[in-house]
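Those letters in the sequence shown? Residues -30 to -1, 1 to 100, per mature numbering (1 follows the signal peptide of the UniProt record, and there is no 0), in order.
Built from N, CA and C at the ideal position, the CB exists for glycine as well.
Keep in mind the model is a prediction, meaning the values are calculated, not measured.
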Amino acid sequence: MENVKQASLCRLYLYISLLSLRLPLSIVESSQFLGICALPGCKFKDIRRSLERDVEELQSQGVQDVFVFCTRGELSKYRVPSLLEVYGQRGFTVHHTPFPDGEAPLMELSCRILEELQLSLRSSRRTVIQ
């Protein structure tokens, strides 16, 4: 069982092309990792990501919950206006809690985000934030 767990963690770590960072949550007494990744399908300036490939990669890594902080306007700006719908069609649980880029969320929204994250992680769901 330990080998399977290690292989799974290695595989999770190897998809660095999509996930820029994996945060161990042992500091908050959780054995889970929280992934942080680039916006799938993003097309902006010299960035040309493939939405299909990126979403397939998230699925192949067993990601279940996706937290999206971009506003609908930002999703359009980065040319992925249908990202939330694509996630839903692919079976992800989508937590869309938008706040403008470069700003911090208001306290009420921050509390909601933290509550939802805590619930996802306590339920041992593979979780990614964007």
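Inset, instruction - Take every Cβ of the region 24 to 33, pair it with every Cβ of the region 78 to 92, and state whether three or more of those distances are shorter than 8 Å. - result: no
Legend entry - Burial state of V38, where buried means 16 or more other Cβ atoms lie within 10 Å: buried
Inset, instruction - May I ask you to verify whether the region 12 to 27 touches the region 41 to 58, counting CB pairs closer than 8 Å and requiring at least 3? - result: yes
Inset, instruction - Tell me, to the nearest whole angstrom, how far the beta carbon of D35 is from that of T63; I am working on the premise that it is less than 8 Å. - result: 5 Å
Legend entry - Buried versus exposed call for L84 [16 or more other C-beta atoms within 10 Å across all chains shown]: exposed
Legend entry - L76 burial status per 10 Å Cβ neighbour count (16 or more: buried): exposed
Inset, instruction - Closer than 8 Å by C-beta to L100: which residues in its own chain qualify, once you throw out the five before and the five after it? Chain order, please. - result: The identity of residue 100 in the sequence shown is Gln, whereas the question assumes Leu. Cβ within range, chain order: I6, C7, A8, L9, P10, V36, F37, V38, F39, C40.
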